[in-house]
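Protein chains in written order, with this note's numbering: chain A, 404 to 683; chain B, 4 to 557. Beta carbons: idealized from backbone N, C-alpha and C, even for Gly. Take a look at the structure below.
Next comes the structure, spelled out in structure tokens:
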């Protein structure tokens with residue numbers, strides 16, 4: 404019993420460490436009002452999770468508010484409600500949510516567009532123009548030097564940054580993004596192992612559909628933004644849940660080594676938290 | 004015909020790889036980096052005198068710029084010089100040649116290791132194709148980088164090892180090839196022994212039988228004899244030069260990332276704990292080699308290790324990579340291929356991940372093999388899931404993707420690379436050397452020493468190695484591997500490469516050669532120099548200026 408209590412406490416401390424770092428890091432590097440602005444969507448996602456766990460088909464409803472609150476993330480709501488209606492709860496009422504999310508997206512489209520990768524940059528155009536003169540003929544040049552390539556390069560840059568594990572576990576280290584990104588610490592770095600275990604044994608996680616839909620929708624929306632930094636906070640809950648899933652699976656896979664592994668994880672995580680506070 | 008289609012397909016893939024590697028070899032990149040010149044000139048010196056440029060007979064590692072280059076590649080250039088001359092083509096040829104040989108080697112290796120024959124043929128062809136057009140493999144194949152040859156030898160060692168499981172005598176050959184791969188490149192010093200250990204442990208029951216022991220002993224003895232010279236200098240400063248400065252466990256020159264200098268005492272022992280910071284640093288560097296951002300978007304940060312706008316893999320390969328990884332881990336029916344691919348995935352980044360450089364593709368080149376296999380597995384899986392018309396469409400789309408990728412390689416590797424990376428490749432030195440050859444023999448030439456350029460001038464001026472050895476004593480032969488001192492100037496015939504001296508150099512009738520930082524427009528006016536020739540980079544900025552002094556005006 405005593406051992407179980409100790410284990411429970413260690414487990415709880417691990418969960419705290421997983422959920423603490425990103426919000427703490429955000430708060431230490433930004434104002435409270437900014438924290439509130441970017442944290443609010445996470446609260447709505449938390450409400451969605453609550454409804455998802457309760458098996459409500461309308462679990463994506465709170466996400467519509469995200470689109471109203473921050474039009475830059477309106478596409479996220481559309482994609483999430485659409486995925487829900489196509490893959491999980493295939494009923495007509497679910498499609499009403501899709502329509503509503505589309506309406507929200509349309510109303511906020513101008514704001515979304517102004518924050519998207521589809522902006523004119525004189526320097527980018529000049530580079531593309533200069534490069535066309537390097538090719539032997541204009542047709543070959545135009546395949547690689549055109550407006551479409553400019554936009555897709557920006558999109559690819561965002562997308563691959565968002566699917567980079569070093570983003571979440573090592574604050575992009577060793578290749579931090581300069582100027583446009585705060586390179587915040589997001590999760591304990593040892594949690595990368597838990598995350599990978601969580602992804603591989605995804606079926607052990609009862610929330611895997613929730614995690615998959617929300618993270619995919621978030622990554623697609625964020626990839627289209629001029630600067631995804633801070634807005635990527637909507638990925639906090641899905642990734643944290645994946646890590647917790649990995650922690651749970653690990654405890655089943657390595658029952659004998661559970662305690663030792665937990666202690667190691669805790670030591671490194673709390674030193675990291677202290678380091679984060681000390682360096683801010 | 005049906006029986007021969009894999010062979011025909013392989014020949015076509017090899018031909019594609021040949022084109023990617025040999026098209027304009029020696030001309031693109033147009034420049035010639037100092038390391039390449041260093042290796043080429045050392046080979047020339049060995050050919051002419053049996054000694055390197057420092058007078059050391061047949062060195063075990065080559066002193067060069069006190070960076071002690073691995074010897075195998077340099078010795079491979081020696082027989083090519085009488086055939087191709089002392090040219091950039093000759094120096095780069097071994098890289099391209101062994102890179103090309105790696106394509107059929109990976110085909111046969113996958114064919115050997117995969118139990119399911121249908122999967123084996125399809126997967127080996129697709130993986131060979133992915134390697135044939137791999138930007139990562141190609142960028143090092145077209146220039147003088149030892150890592151490509153080392154990778155071929157390493158892979159050949161693995162292949163002969165697996166062949167030896169049916170033919171015991173081949174174990175001796177495998178060990179010998181592994182032994183040759185160790186001095187072929189720095190990364191193999193870590194990777195090869197580790198791989199040998201893993202393979203021998205896995206197959207220990209077979210290898211400890213009578214049939215194998217005698218061949219293992221023979222092969223082991225020969226391998227030891229090959230490795231002995233390298234082992235004999237393994238504790239010298241020269242041998243350890245690279246490892247010492249770069250590794251993350253050494254804090255002599257640089258504290259670990261995240262070190263907080265403002266804290267002392269107990270707080271510092273917690274916050275700056277070496278275990279904590281080094282573990283985090285190592286894991287971040289190791290993880291970087293699997294990062295989709297590095298693999299499919301950014302590529303290597305070093306201009307000479309990548310092509311503009313291209314990463315190590317094409318971005319369209321990303322979904323196949325993820326799918327392939329998933330299948331690799333799940334599908335135990337992949338047999339020995341699964342084991343080897345996972346092992347190579349895990350150990351290949353190690354030599355690179357223990358150095359501070361973020362995502363260095365030259366040190367982690369062996370990782371290209373398992374990652375190519377994973378991508379091939381993803382592509383094969385998708386194609387095999389498609390039926391009839393969808394399959395034809397799938398092949399069509401793949402064909403288009405391949406065609407676009409090849410065009411992209413041409414665009415980035417030939418066109419954009421020549422424009423944007425000319426300076427990184429030290430373009431312009433050959434033209435400067437050609438002009439120097441046309442100047443009056445009795446008028447000296449002083450070249451501003453920058454970035455070890457003396458070696459490139461020695462190469463292009465085809466300086467007699469015997470005179471070079473006589474005129475440029477650096478260290479005694481006894482201290483060849485121990486003394487790290489460098490001489491500040493180098494004499495190459497009538498040419499001297501050193502820092503310009505504005506007090507004395509303008510008072511003699513001679514030519515001065517420098518870039519526009521070495522000799523500015525103001526200095527030209529101030530010292531009344533005459534611009535004889537200007538050599539430009541493709542972007543029209545000045546690479547080199549050749550000027551004549553006017554001592555009469557002083």
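Would you say residue 675/A reaches chain B, if we count a Cβ-Cβ gap shorter than 9 Å as a contact? yes
Which residues, taken in chain order from the segment 567 to 580 of chain A, show a beta carbon closer than 9 Å to some beta carbon of chain B? Of all residues in the segment 567 to 580 of chain A, only 567, 568, 569, 570, 572, 573, 574, 575, 576, 577, 578 place a beta-carbon less than 9 Å from a beta-carbon of chain B.
Tell me which residues share the same chain as residue 630/A and place their Cβ nearer than 7 Å to its Cβ, disregarding the 5 neighbours each side in the sequence. 583
Here's the rule: buried if 16 or more other CB atoms are within 10 angstroms of the residue's CB, otherwise exposed. What is residue 462/A? buried
Rounded straight-line distance, which links the Cα of residue 421/A to that of residue 451/A: Straight across, the Cα-Cα distance linking residue 451/A with residue 421/A is about 20 Å.
Just tell me which of 223/B, 76/B, 270/B has its CA closest to the CA of residue 46/B. 76/B
Could you name the residues of chain A that residue 419/B contacts, counting a contact when the two beta carbons are closer than 9 Å? 534, 537, 547
If you compare alpha carbons, which of 517/A, 523/A, 569/A, 617/A is closest to residue 550/A? 523/A
Per-residue contacts from residue 296/B into chain A (C-beta, under 8 Å): 563, 564, 566, 567, 569, 570, 578
What is the DSSP secondary structure of residue 254/B, reduced to helix, strand or coil? coil
So if DSSP puts residue 537/B in a beta bridge, which residue, or which two residues, is it bridged to? 548/B
The segment 490 to 510 of chain A contacting the segment 464 to 472 of chain A, beta-carbon criterion three pairs below 8 Å: yes
Does the beta carbon of residue 556/A come closer than 9 Å to any beta carbon on chain B? yes
Roughly how many angstroms lie between the CA atoms of residue 517/A and residue 626/A, to the nearest whole one? 14 Å
Please tell me whether residue 405/B and residue 394/B are closer than 9 Å, where the distance is taken between their beta carbons. no
Give the range of the beta strand (DSSP E) segment to which residue 189/B is assigned. That residue, residue 189/B, is in no beta strand (DSSP E); it is neither H nor E in DSSP.
Is the distance from the Cβ of residue 275/B to the Cβ of residue 263/B below 9 Å? Yes, the pair counts as a contact, with Cβ atoms nearer than the cut-off.
Proximity test, Cβ basis, 9 Å: residue 678/A and chain B: With 9 Å as the cut-off, residue 678/A counts as an interface residue toward chain B.
Own chain residues within Cβ distance below 8 Å of residue 107/B, not counting five before or after: 13, 17, 131
Using a Cβ-Cβ cut-off of 9 Å, state whether residue 359/B counts as contacting chain A. It does: the Cβ of residue 359/B has a partner Cβ on chain A nearer than 9 Å.
Looking at chain B, is there any beta carbon in it that lies within less than 9 Å of the beta carbon of residue 560/A? So yes, residue 560/A belongs to the interface.
Are any of the Cβ atoms in chain B nearer than 9 Å to that of residue 593/A? Cβ-Cβ to chain B under 9 Å: yes for residue 593/A.
So for residue 566/A, helix, strand or coil by DSSP? coil
Under 9 Å by beta carbon: chain B residues contacting residue 682/A: Going along chain B in sequence order, the residues near residue 682/A (Cβ under 9 Å) are 261, 263, 274.
Closer than 9 Å, CB to CB, is residue 345/A near chain B or not? There is simply no residue 345/A to check, as chain A begins at 404 and stops at 683 in what is shown.
Taking just the CA atoms, how far does residue 412/B sit from residue 135/B? The C-alpha of residue 412/B is placed about 12 Å away from the C-alpha of residue 135/B.
Pull up the DSSP beta-bridge partners for residue 451/B, would you. 501/B
For residue 543/A, would you say it is in contact with chain B, using Cβ-to-Cβ distances shorter than 9 Å as the test? yes
Can you confirm whether the segment 639 to 653 of chain A touches the segment 222 to 238 of chain B when touching is taken to mean that 3 or more C-beta pairs between the two stretches lie within less than 8 Å? no
Scan the segment 66 to 108 of chain B and note each continuous alpha helix (DSSP H) run of 4 residues or more that stays entirely inside, going in chain order. 74 to 80, 84 to 87
Near-chain B residues of the segment 598 to 613 of chain A - C-beta to any C-beta below 8 Å: 603
Extent of the continuous beta strand (DSSP E) to which residue 464/B belongs: Taken as a continuous stretch (DSSP letters only), residue 464/B belongs to no beta strand (DSSP E), as it is neither H nor E.
Could you give the C-beta distance for residue 157/B and residue 137/B, rounded to a whole number, given that I count them as a contact under 8 Å? With a Cβ gap of about 17 Å, residue 157/B and residue 137/B do not count as contacting.
Any residues in the segment 444 to 465 of chain A with a beta carbon nearer than 8 Å to a beta carbon of chain C? Which ones, in chain order? As a matter of chain content, chain C is missing from the structure shown, whose protein chains are A and B.
Count the other CB atoms within 10 Å of the CB of residue 501/A; is the residue buried (16 or more) or exposed (fewer)? buried
Check whether the segment 602 to 618 of chain A and the segment 537 to 552 of chain A touch, using three or more Cβ-Cβ pairs below 8 Å as the test. no
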